[in-house]
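Report on one structure; see the data block that follows.
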Amino acid sequence: MGGGARGPLRILVNNAGIQHRVPMLELDVADWERVIATDLTSAFLVGREAARHMIPRGRGKIINICSVQTDLARPTIAPYAAAKGGLRNLTRAMTAEWAGSGLQINGIAPGYIHTEMTQNLVDDEQFNAWILGRTPAHRWGTVQDLAGRRCGWPRTGRIL
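To convert, note that position 8 of the sequence shown is 462 in my numbering; the numbers rise steadily by one, no gaps.
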């Protein structure tokens with residue numbers, strides 16, 4: 455991670471995320487832990503490792519992809535909402551500890567993005583109409599909206 459043929463890591467985008475939709479009274483602890491591990495703990499582990507290489511150079515960027523659920527909660531998505539809220543505060547903690555060493559740490563909390571994970575919501579006519587009616591663009595966000603059209607990021611999602 456520290457370098458190699460491509461040079462040192464300059465930007466890390468923490469974008470791991472899974473969902474497990476079930477009412478909290480029916481939520482198995484193993485499913486809770488799986489979502490928290492994927493959506494929150496992974497950002498801590500990867501961010502910490504990236505920072506170990508960025509801090510000695512005095513520069514680097516960490517971008518944590520949060521969610522509209524960072525500050526909201528809907529029924530049946532408690533572990534996701536908890537993880538994304540935790541990611542917001544993890545971003546703040548990273549900033550508090552590493553900004554003085556030249557790192558820039560930001561969290562991006564996009565609205566609803568059309569992905570495989572949200573396909574059931576897109577297919578729900580009532581929910582889809584609600585999204586289209588409350589979104590200024592009158593459409594779901596896309597992965598490309600987050601990546602940008604001219605950023606030159608590799609299609610694999612790895613940012614070097």
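C-beta atoms are modelled at their ideal positions from N, C-alpha and C, and glycine is treated no differently. Values in this document were obtained by computation on a predicted structure and should not be read as measured data.
Beta-carbon separation (whole angstroms), residue i vs residue j, contact threshold 8 Å
i, j, result
"Trp552", "Ile559", "6 Å"
"Ala504", "Leu466", "4 Å"
"Ile567", "Gly595", "4 Å"
"Ala652", "Leu544", "Shown here, the chain extends from 455 to 614; a query on residue 652 therefore has no answer."
"Pro462", "Arg511", "6 Å"
"Ala527", "Asp493", "Not a contact, Cβ separation roughly 14 Å."
"Gln473", "Tyr534", "5 Å"
Three-state secondary structure assigned by DSSP to residue i
i, result
"Gly461", "coil"
"Leu526", "coil"
"Gly472", "According to the sequence displayed, residue 472 carries Ile and not Gly. Coil at Ile472, not helix or strand."
"Leu481", "coil"
"Leu466", "strand"
C-alpha gap between residue i and residue j, whole angstroms
i, j, result
"Ile531", "Arg546", "23 Å"
"Arg593", "Gln523", "18 Å"
"Leu557", "Val483", "35 Å"
"Pro529", "Arg502", "32 Å"
"Gly554", "Ala537", "26 Å"
"Trp486", "Arg464", "32 Å"
"Gly539", "Asp525", "6 Å"
Exercise for the section: Could you tell me whether the stretch 509 to 527 touches the stretch 569 to 587, using the rule of 3 or more Cβ pairs below 8 Å? Expected result: no
Handout entry: In chain order, each beta strand (DSSP E) run of at least 3 residues that lies wholly inside the stretch 534 to 608
Key = 557 to 562
Problem - Start-end ranges of the alpha helix (DSSP H) lying completely within the stretch 482 to 516, minimum 4 residues - result: 483 to 490 and 496 to 508
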